[in-house]
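First comes the structure, then the notes that go with it.
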Amino acid sequence: MDTFFYKTSPKGVIRIIGEDAEDYLQSQWSINLRKLPHGGIRYGLRLSTKGKVLADSYILRLGDEEFLLLSKDCEGDHIISLLNENIVADEVEFINETQNWEIISFWNEGKNSDLHIENIAKPEKNQFTTMEDGFYFEDFRAFPGAFIILLSIQSKWKMDADLISKKKNVFEELRIRAGEVSIPCEIGSDDLPQEGKLEKIAVDFDKGCYLGQEVMARIHAMGRVRRQARPVSWASTKIPTIPCPLFAGEKKVGVLKSMIQTENGNSIGMALIHEKGLDTLNSEGLQIEGITDLKFRKA
Numbered sequence: 065m066d067t068f069f070y071k072t073s074p075k076g077v078i079r080i081i082g083e084d085a086e087d088y089l090q091s092q093w094s095i096n097l098r099k100l101p102h103g104g105i106r107y108g109l110r111l112s113t114k115g116k117v118l119a120d121s122y123i124l125r126l127g128d129e130e131f132l133l134l135s136k137d138c139e140g141d142h143i144i145s146l147l148n149e150n151i152v153a154d155e156v157e158f159i160n161e162t163q164n165w166e167i168i169s170f171w172n173e174g175k176n177s178d179l180h181i182e183n184i185a186k187p188e189k190n191q192f193t194t195m196e197d198g199f200y201f202e203d204f205r206a207f208p209g210a211f212i213i214l215l216s217i218q219s220k221w222k223m224d225a226d227l228i229s230k231k232k233n234v235f236e237e238l239r240i241r242a243g244e245v246s247i248p249c250e251i252g253s254d255d256l257p258q259e260g261k262l263e264k265i266a267v268d269f270d271k272g273c274y275l276g277q278e279v280m281a282r283i284h285a286m287g288r289v290r291r292q293a294r295p296v297s298w299a300s301t302k303i304p305t306i307p308c309p310l311f312a313g314e315k316k317v318g319v320l321k322s323m324i325q326t327e328n329g330n331s332i333g334m335a336l337i338h339e340k341g342l343d344t345l346n347s348e349g350l351q352i353e354g355i356t357d358l359k360f361r362k363a
């Protein structure tokens, strides 16, 4: 069975150290870090007081007073700026290490969890394997069967020569088809976690106070939001300007947030669609202004 990889640079890698590191992160991020053991990894969000998504990160617990935050698409300087907003007398330090790391994503042809990387112990669920120059863990924000190595750019580690390199669009197509949204491109500062189904892994409703908690609790009690992120396909390689409004007839019912070309000559992307437009998406398809012969359909 073939194994594939895609190599890229993270937008944000922040090391957080200090005796107040856990307490401070606990108050800022949407997950319960007190339950995260050494060697554990979670995915969480930094929300506004209105519950909108300002940043995301995988959080790796390296020790009692040390964490590493990784974001694929949120800039390191932006994350540090958010972290600094509520510092008073906390003994905590934020170090931007973004330029020191690279990401290598792996998956096999069957996209199953049996992926094996030579000479590296497979990590347990919600844990990471420590390498000499990096960390290896399941990428639960990509698609089933995907794994990540966060590797120092100074590392001499060599991957198996039999692994097959893939381009970004191949990886992104798999992510989009799996319904996993990218932050901040597809879910961002105007959007709620629930609109991208992020609350399932990135919001803990049983923890203490954190930014955006009241809004999260209210939505959790109500049970739903009015918009949902959905993968959409487009039978053309012509990419419209993003973001782009989507219409059901003359009524705007959504926004196209991303779009990429696929290897089969079509395009796929992620759209944020109001509940009133979902039936039309699933049946007739949605359109963009000025183009009636092509429609966006459920991917």
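Per the numbering used here, the sequence shown starts with residue 65, numbered consecutively. Note that beta-carbon positions come from the ideal geometry of N, C-alpha and C, so glycine has one too.
_Let me make sure I understand the geometry here. Which of Q163, V319, K99 and S331 has the alpha-carbon closest to that of L238?_
S331
*Compute the Euclidean distance between the alpha carbons of I303 and S216, then round it to the nearest angstrom.*
35 Å
*Can you have a look at K321 and say buried or exposed, based on whether 16 or more other CB atoms are within 10 angstroms of its CB?*
buried
*Just curious, the beta strand (DSSP E) that G333 is in, first and last residue?*
S331 to H338
_According to DSSP, I117 sits in a beta bridge with which residue or residues?_
Before going further, note that residue 117 is Val rather than Ile in the sequence given. Beta-bridge pairing links V117 to L111.
*asked:* I'd like to know if the stretch 310 to 320 and the stretch 347 to 354 are in contact, where contact means that at least 3 CB-CB pairs between them fall below 8 Å.
replied: yes
_Which same chain residues end up closer than 7 Å to E236 when comparing Cβ atoms and leaving out the 5 residues on each side of it in sequence?_
I324
*Just list the alpha helix (DSSP H) runs in the stretch 224 to 308, keeping only unbroken ones of 4 residues or longer that don't cross its boundaries, in chain order.*
Entirely contained in the stretch 224 to 308, the alpha helix (DSSP H) runs reaching 4 residues are, in chain order, 232 to 241, 263 to 266 and 277 to 286.
*List the DSSP bridge partners of Q351.*
Residue pairing of Q351 in beta bridges, as defined by DSSP: F311.
_Would E129 and I81 qualify as a contact pair, given that the criterion is a beta-carbon distance under 8 Å?_
It is a contact, given that the beta carbons lie within the stated cut-off.
*Counterpart residues of Q191 in DSSP-defined beta bridges*: G104
*Are V317 and A363 closer than 8 Å when you measure CB to CB?*
Here V317 is not near A363, since their CB atoms are 8 Å or more apart.
_Quick check: the Cα distance between D197 and A206, rounded to an integer number of angstroms?_
23 Å
*Could you check the C-alpha separation between G243 and R361 for me, to the nearest Å?*
14 Å
*Rounded to the nearest angstrom, how far is the Cβ of I105 from that of F192, given a contact under 8 Å?*
5 Å
_Do P248 and D137 have their beta-carbon atoms positioned less than 8 Å apart in this structure?_
yes
*Out of curiosity, what's the CA-to-CA distance linking E263 and I168?*
26 Å
_Residues near S246 by beta carbon distance below 6 Å, same chain, minus five either side_ = D137
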